[in-house]
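Peer 1:
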Amino acid sequence: MKVFLDRCSSYKKVEPVIKEGIDSLGGIKNFVKEGETLLVKPNLLRGDSPEKAINTHPDFIIAVVKILEEAGVNVIVVDSPGGPMKKTILKRMYRKAGWDRIEEETDAELNYDTSMYPIDFPPGNVIKSIDALGIIQDVDGVINLPKLKTHMFTVYTGAVKNMFGCVHGLTKSGYHGQYKGLDKFSKMLVDVNDAVNPRISIMDGIYGMEGQGPGSGGDLIKTNMVLASSDSTSLDAAACRSVGIPIKKVKTIKDLEDITYTKLTPGDFDTQINYPKGGSNPWYMPNFLTGFISNFFLKRPTLDKQKCIKCAKCREICPNDAITMKDYGPKISWWKCIRCYCCAEVCPVDALRKE
Ligand code: SF4
Ligand code: SF4
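In structure tokens:
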């Protein structure tokens, strides 16, 4: 599979780099047709300013939207962030992430459709029907704009995992409870990516995240790269090689030997990012034993009481009802917690950490 990889140090210079990448993969006409309506799916974990590198940068999205619009495509920009799928929440998150600019500077629309649509996927390894965003049934295809980040649970999050945001609202945290354990959860992520089948993935790796990502627990790192490929797995393999994350630690990808690089190669980069150990718990364990067993291997998120603002977002997202709110903040049940770290992902003030 072909992967475009190039240096880019600034969002202000990104549009020609993305154009060159698309050209090197066969040109825009290889991916879109005039008159189509496409979903552009960046990463919007939650409403945070672009400078924090938690979400795909608005300048990056705008650059891609302009290229698509030049090719005669109608664009809807969409994500299902952590938490419930509500119009008021989406509006707030778009504004905080600086995504309002997308509607101001292009003809694209931000999605406010909160309906759900089941996608049947008989070839899925672990999931055969996905509770996806309703807007998917109204469009001709999906363009994937992931962000290069580390992840407390899956070690790395990029093109494959970004498609998990096509799953509807809190169903995402439900899938954490249903597909327990890193192996099974990763197989589900691959199924979702294959079911949605994005036409091309273009990764915002100008600023990435290292450490306890993908939310505010992670640390910003300048990685100065843009990647593109029609194959999400190949793109992720190239990204991991470029920043020194061992591919064997990322269960959604395998070490693909047949990648053809259309410009630079991972060997042209000497970036080494600090990546987390990741998490797992045995898939065959019933819920009441999961916490007991995994407690020997993995830590529950720990609470910084000084930082906690008692918003209860962590309890809302917990897939296993492991959190009860106390006067000091959340109390996490030792035996119910499945170590998915969804709570730490959505905490707005980084009060929950893995280590
Ligand atoms: S830990 Fe974070 S998400 Fe949970 S109540 Fe405190 S501030 Fe809110
Ligand atoms: S407490 Fe946090 S880490 Fe534990 S199951 Fe709930 S969301 Fe996941």
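Residues 15 to 369 in our numbering are what the sequence shown lists, from first letter to last. Cβ atoms here follow ideal geometry from the backbone N, Cα and C, with glycine treated the same way.
Buried or exposed for Gln-341, going by 16 or more other Cβ atoms inside 10 Å?
Peer 2: Per the sequence shown, the amino acid found at residue 341 is Asp instead of Gln. It is exposed - the Cβ of Asp-341 has fewer than 16 other Cβ atoms within 10 Å.
Peer 1: Let me check understanding here. Comparing Cα to Cα, which of Val-257, Asp-134, Val-174 lies closest to Ile-157?
Peer 2: Answer by Cα proximity: Val-174.
Peer 1: Compute the Euclidean distance between the alpha carbons of Lys-321 and Thr-237, then round it to the nearest angstrom.
Peer 2: Looking at the two C-alpha atoms, the distance is approximately 29 Å.
Peer 1: Pick out whichever of Cys-356, Leu-19, Val-363, Ala-358 has its Cα sitting closest to the Cα of Leu-162.
Peer 2: Among Cys-356, Leu-19, Val-363, Ala-358, the Cα nearest to that of Leu-162 belongs to Leu-19.
Peer 1: Note down, in chain order, each residue of its chain lying with its Cβ closer than 6 Å to the Cβ of Asp-218, except the 5 sequence neighbours on either side.
Peer 2: Excluding positions up to five away in sequence, the list reads Thr-70, His-71, Phe-74, Lys-161.
Peer 1: Could you tell me whether the region 41-60 touches the region 266-284, where touching means 3 or more Cβ pairs closer than 8 Å?
Peer 2: Contact between the region 41-60 and the region 266-284 is absent, because fewer than three Cβ pairs lie under 8 Å.
Peer 1: According to DSSP, what are the bridge partners of Arg-21?
Peer 2: DSSP, once it has assigned bridges, lists Met-239 as partnering Arg-21.
Peer 1: Mind pulling the alpha helix (DSSP H) runs of 4 or more residues that sit fully within the region 182-237?
Peer 2: Whole alpha helix (DSSP H) segments, 4+ residues: 185-192, 196-210.
Peer 1: Suppose the cutoff is 6 Å on Cβ atoms and the five residues either side in sequence are ignored; what does the same chain contact list for Val-46 look like?
Peer 2: Cβ neighbours of Val-46 beyond the five flanking positions: Ala-85, Val-87.
Peer 1: Return helix, strand or coil for Arg-255, following the three-state DSSP convention.
Peer 2: Arg-255: helix per DSSP, three-state reduction.
Peer 1: What first and last residue would you give for the alpha helix (DSSP H) that runs through Leu-104?
Peer 2: From DSSP, the alpha helix (DSSP H) with Leu-104 extends over 101-110.
Peer 1: Measure how close the beta-carbons of Arg-106 and Gly-61 come, nearest whole angstrom, since I'm counting them as under 8 Å.
Peer 2: Yes, Arg-106 and Gly-61 are in contact; Cβ-Cβ is about 6 Å, under 8 Å.
Peer 1: By alpha-carbon positions, which one of Ser-215, Glu-65, Ile-68, Gly-183 ends up nearest to Ile-36?
Peer 2: It is Ser-215.
Peer 1: Are the beta-carbon atoms belonging to Glu-330 and Gly-96 less than 7 Å from one another?
Peer 2: No, the pair does not count as a contact, with Cβ atoms beyond the cut-off.
Peer 1: Kindly indicate the opening and closing residues of the beta strand (DSSP E) around Leu-82.
Peer 2: Where Leu-82 is concerned, there is no enclosing beta strand (DSSP E), although the alpha helix (DSSP H) it sits in stretches over 72-84.
Peer 1: Can you tell me the Cα-Cα spacing of Met-130 and Val-78, whole angstroms?
Peer 2: Looking at the two C-alpha atoms, the distance is approximately 26 Å.
Peer 1: So, using beta-carbon positions, are Ser-347 and Met-15 closer together than 7 Å?
Peer 2: Going by C-beta atoms, Ser-347 is not nearer than 7 Å to Met-15.
Peer 1: Use the C-beta contact count for Asp-142: other C-beta atoms within 10 angstroms, 16 or more gives buried, fewer gives exposed.
Peer 2: At residue 142 the sequence reads Lys, which differs from the Asp that was named. With fewer than 16 Cβ atoms within 10 Å of its Cβ, Lys-142 is classed as exposed.
Peer 1: Could you pull out every residue in the same chain whose Cβ sits closer than 7 Å to the Cβ of Lys-100, ignoring the five residues on either side in sequence?
Peer 2: The residues are Thr-128.
Peer 1: Bridge partners of Asp-134, per DSSP?
Peer 2: According to DSSP, which records beta bridges pairwise, Asp-134 is partnered with Ser-143.
Peer 1: Roughly how many angstroms lie between the CA atoms of Ile-273 and Ile-267, to the nearest whole one?
Peer 2: Each residue's Cα considered, the two are about 13 Å apart.
Peer 1: Out of Pro-98, Thr-102, Thr-51, Arg-109, which one is the CA nearest neighbour of Ser-63?
Peer 2: Closest option to Ser-63, Cα to Cα, is Arg-109.
Peer 1: Near Asp-250, what residues of its chain come up, given a Cβ to Cβ distance below 6 Å and the 5 sequence neighbours on each side ignored?
Peer 2: If we look at Asp-250 and ignore the five residues flanking it on each side, its Cβ neighbours are Gly-172, Ala-173, Val-174, Ile-267.
Peer 1: Which word fits Pro-260, buried or exposed, when buried means at least 16 other C-beta atoms lie within 10 angstroms of its C-beta?
Peer 2: The residue in question, Pro-260, is exposed, as its Cβ has fewer than 16 Cβ neighbours within 10 Å.
Peer 1: Ends of the beta strand (DSSP E) at Asn-88?
Peer 2: Residues 88-91.
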